[in-house]
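A quick write-up on the structure given underneath.
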């Protein structure tokens, strides 16, 4: 392909709202353009990379025996009502009505649709099955940002396994885990598999494949010693035990004028340090006012609260809601003696005594609180967010917290969707059995952005050969020079014959501009044809990742370049 015939609109400057390196470079290098918030056009270079990423994913899915489908992006609302996710998905799901006033949705994922198709199976002999597609998804993200990393319309590979029983699901899950590691290896992404929350997908076992990057939106707790790794939404840490004195009696009220914070109570005469305080938060879980109690120096993880309660919507109560229910403002709240509200208590408080908490009366607190004795019907759960430096729950060494991009996610879904869609098959005894499902996703555009985020320098993108828009670029410094032009044309023909995907830069621009564009676009190998080297029978070969240049004889340049490229293909 000739650069002069191509639409590659490179820019000197990145858009002002682009903070992630991948966003800046994909725009500057002419790969993407934003149409409106969260929706991007893939330009020719961007589509080439996107398609190559999809081809890698497709090859590895085919290798584990998965069969490719293509399902509708718009679904009847009835499917989502039957699974219970019509309400669970909340405002992130695009909902609309057709001309017949029927509710429809733009699919965020396709468990319901695939399960509907699975209802056509009737016998255990048809299992196991693994089905997948690469299809457009829609999620009404409240704050799209970072280019292709957080969008509202995107292409995703979603696959689904159907097995007769849990051991079969284990096999399918492991096959996907290994396939994902191969996919990310071919994309040259250094991923770590971490424990994760299933969220609205449901199910139990859940593993995310994370790429460490400051542009990510997920925090991962990891132990450098034993390898424990978990999304902060699932991470646990060993909390050192605290020896409490036995309570001297029932809770005792004491005046705390103007005290409204954990720190203020810790410094107040007669107060208590943060680790001896109960922090009570009033939350609204699916319209139900709920108390959540943690140790004063611990922070609540909202996803943990949502997971343990099984709700869709979690938000803090307003001050007016709080005062109307408990009679006090935030800062003076407590769960002692409360009978008419659900109360979730963090596991770190199990067995704690002689604690201090709000008295549900402004300017008053309670001391000598025994958590098990004084809080009525607590629902115990792991609610606290792990902090860096806390002890690993496995080996006791300090944990690190690292920011990551989620590149892929696999779930064990259980039988929820098959039951909702009436899927059953006859087992070996002729009895009806409900198959068990797994769900496995990779965002194609997000994977592309993750590669860009982790493969660049100050001059531009550095694509791995496997997904580069072109494997080589031939840069003719002066196309008006017949010798240079002839040499460039000859190299292009030879590389094409050797199976190299090549871009030929024949633009009548200054050499500096052309070389800078080649580096910005990130083509892995560049053959530069210039008058000085050509006069000695040579051309220059530059490897983008190493930024090393060496001279090759014109007669050997194509073969040597093709050999290096072949060695780096995956």
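Numbering (the working numbering), first residue to last: 19 to 588. Beta carbons are placed, not taken as given, at the ideal position from N, Cα and C, and that holds for glycine.
Same chain, Cβ closer than 7 Å to residue 21, neighbours up to 5 away in sequence not counted: Locating residue 21 in the chain shown gives position 3, counting from the first residue. Contacts found: 521, 522, 523, 524 and 525.
Proximal residues to residue 488 (C-beta, below 7 Å), its chain only, five neighbours per side dropped: For the purposes of this step, residue 488 is identified with residue 470 of the chain shown, where counting begins at 1. Same-chain partners within the cutoff: 519, 520, 521 and 541.
Top-ranked residue by Cα proximity to residue 368, from 380, 392 and 379: To locate residue 368, count along the chain shown from 1; it is residue 350. Checking every option, the nearest Cα to that of residue 368 belongs to 392.
For residue 43 and residue 181, the rounded distance between their alpha carbons: Position 163 of the chain shown, counted from the start, is the residue given in the question as residue 181. Position 25 of the chain shown, counted from the start, is the residue given in the question as residue 43. Spanning the two alpha carbons is a distance of roughly 43 Å.
Cβ-Cβ distance between residue 555 and residue 572 below 7 Å: Position 537 of the chain shown, counting from 1, holds the residue named residue 555. Position 554 of the chain shown, counting from 1, holds the residue named residue 572. Yes. Within cutoff.
Segment contact, 8 Å Cβ cut-off, at least three pairs: the segment 199 to 211 with the segment 405 to 416: no
Within 7 Å, strictly: CB atoms of residue 354 and residue 269: Here residue 354 is taken as the residue at index 336 of the chain shown, counted from 1. Here residue 269 is taken as the residue at index 251 of the chain shown, counted from 1. Yes; because the gap between Cβ atoms is below 7 Å, this pair is in contact.
Pick from 462, 351 and 190 that is closest to residue 166, judged by C-alpha positions: Taking the chain shown and counting its residues from 1, one reaches residue 166 at position 148. For the residues 462, 351 and 190, the minimum Cα distance to residue 166 belongs to 462.
Rounded separation between residue 357 and residue 394 - CA only: What you label residue 357 is simply residue 339 of the chain shown in a count that begins at 1. What you label residue 394 is simply residue 376 of the chain shown in a count that begins at 1. Taking the straight line from one Cα to the other gives about 6 Å.
Helix, strand or coil at residue 436 [DSSP, three-state]: Position 418 of the chain shown, counting from 1, holds the residue named residue 436. Residue state, collapsed to three classes: helix.
Cα-Cα separation, residue 37 to residue 56: Within the chain shown, the letter at position 19 stands for residue 37. Within the chain shown, the letter at position 38 stands for residue 56. C-alpha separation (whole angstroms): 15 Å.
C-beta atoms of residue 382 and residue 252 nearer than 7 Å: Counted from its first residue, the chain shown places residue 382 at position 364. Counted from its first residue, the chain shown places residue 252 at position 234. No, these two residues do not count as a Cβ contact at 7 Å.
Contact check, residue 87 vs residue 151, beta carbons under 7 Å: Indexing the chain shown from 1 puts residue 87 at position 69. Indexing the chain shown from 1 puts residue 151 at position 133. Yes; because the gap between Cβ atoms is below 7 Å, this pair is in contact.
Buried or exposed by the 16-neighbour rule on C-beta atoms within 10 Å, applied to residue 25: Here residue 25 is taken as the residue at index 7 of the chain shown, counted from 1. When all chains shown are included, residue 25 counts as exposed.
Which of helix, strand or coil DSSP assigns to residue 52: In the chain shown, counting from the first residue as 1, residue 52 sits at position 34. Residue 52: strand per DSSP, three-state reduction.
Per DSSP, the bridge partner or partners of residue 237: Walking along the chain shown from the start, residue 237 turns up at place 219. Answer is 421.
Residue(s) in a DSSP beta bridge with residue 336: Locating residue 336 in the chain shown gives position 318, counting from the first residue. The partner list for residue 336 (beta bridge, DSSP) is empty, contrary to what the question assumes.
Closest residue to residue 464 among 530, 169 and 313 (Cα-Cα distance): Residue 464 sits at position 446 when you count from the first residue of the chain shown. Residue 169 is the option with its Cα nearest to residue 464.
Proximity below 7 Å, CB of residue 386 to CB of residue 298: One-based indexing of the chain shown puts residue 386 at position 368. One-based indexing of the chain shown puts residue 298 at position 280. No.
Own chain residues within Cβ distance below 6 Å of residue 532, not counting five before or after: As a first step, residue 532 is located in the chain shown; it is residue number 514 there, counting from the start. Here the set comprises 493 and 523.
Cut-off 8 Å between Cβ atoms - residues of its own chain near residue 260, not counting five sequence neighbours on either side: Position 242 of the chain shown, counted from the first residue, corresponds to residue 260. The answer, listed in chain order, is 293, 294 and 370.
Complete runs of the alpha helix (DSSP H) confined to the segment 273 to 351 [at least 4 residues]: 280 to 285, 320 to 327 and 337 to 344
Given 8 Å, three or more beta-carbon pairs between the segment 372 to 382 and the segment 417 to 430: no
Through-space distance from residue 436 to residue 326, alpha-carbon basis: What you label residue 326 is simply residue 308 of the chain shown in a count that begins at 1. What you label residue 436 is simply residue 418 of the chain shown in a count that begins at 1. Residue 326 and residue 436: Cα-Cα distance of roughly 23 Å.
Residues that DSSP places opposite residue 590 in a beta bridge: With the chain represented from 19 up to 588, any question about residue 590 goes unanswered, as that position is not in the structure.
Whole-angstrom distance between residue 439 and residue 101, CA atom to CA atom: Residue mapping note: residue 101 aligns to position 83 of the chain shown, counting from 1. Residue mapping note: residue 439 aligns to position 421 of the chain shown, counting from 1. So the alpha carbons of these two residues sit roughly 7 Å apart.
Residue 113 - DSSP class collapsed to helix/strand/coil: By one-based count along the chain shown, residue 113 stands at place 95. Strand at residue 113.
Segments assigned alpha helix (DSSP H), at least 4 residues, entirely inside the segment 468 to 533: 500 to 515
Backbone secondary structure at residue 563 - three-state DSSP: In the chain shown, residue 563 corresponds to position 545, counting from 1. Here residue 563 sits in coil by DSSP.
Check: residue 81 C-beta below 6 Å from any heavy atom of the ligand GDP: Looking at this structure, you won't find the ligand GDP or any other ligand, since it has none at all.
Backbone secondary structure at residue 202 - three-state DSSP: On the chain shown, residue 202 is found 184 positions in, with the first residue counted as 1. It is helical.
Opening and closing residue of the beta strand (DSSP E) in which residue 132 lies: Stepping through the chain shown from its first residue, residue 132 is reached at position 114. Residue 132 -> not in any beta strand (DSSP E); alpha helix (DSSP H) instead, spanning 129 to 136.
Cβ pair residue 63, residue 48 closer than 7 Å: Sequence index remark: in the chain shown, residue 63 carries index 45 (1-based). Sequence index remark: in the chain shown, residue 48 carries index 30 (1-based). Their beta carbons are under 7 Å apart, which means residue 63 touches residue 48 by this criterion.
Which of helix, strand or coil DSSP assigns to residue 219: The sequence position of residue 219 within the chain shown is 201, counting from 1. Low confidence applies here, because residue 219 scores a pLDDT of 46, under 50, leaving its location unreliable; read the following figure in that light. Here residue 219 sits in helix by DSSP.
Strand pairing of residue 570, partner residues [DSSP]: Counted from its first residue, the chain shown places residue 570 at position 552. For residue 570, which the question treats as bridged, DSSP gives the partners 557.
Pair within 7 Å by beta-carbon distance, residue 431 and residue 459: Indexing the chain shown from 1 puts residue 431 at position 413. Indexing the chain shown from 1 puts residue 459 at position 441. No, the Cβ-Cβ distance between residue 431 and residue 459 is not below 7 Å.
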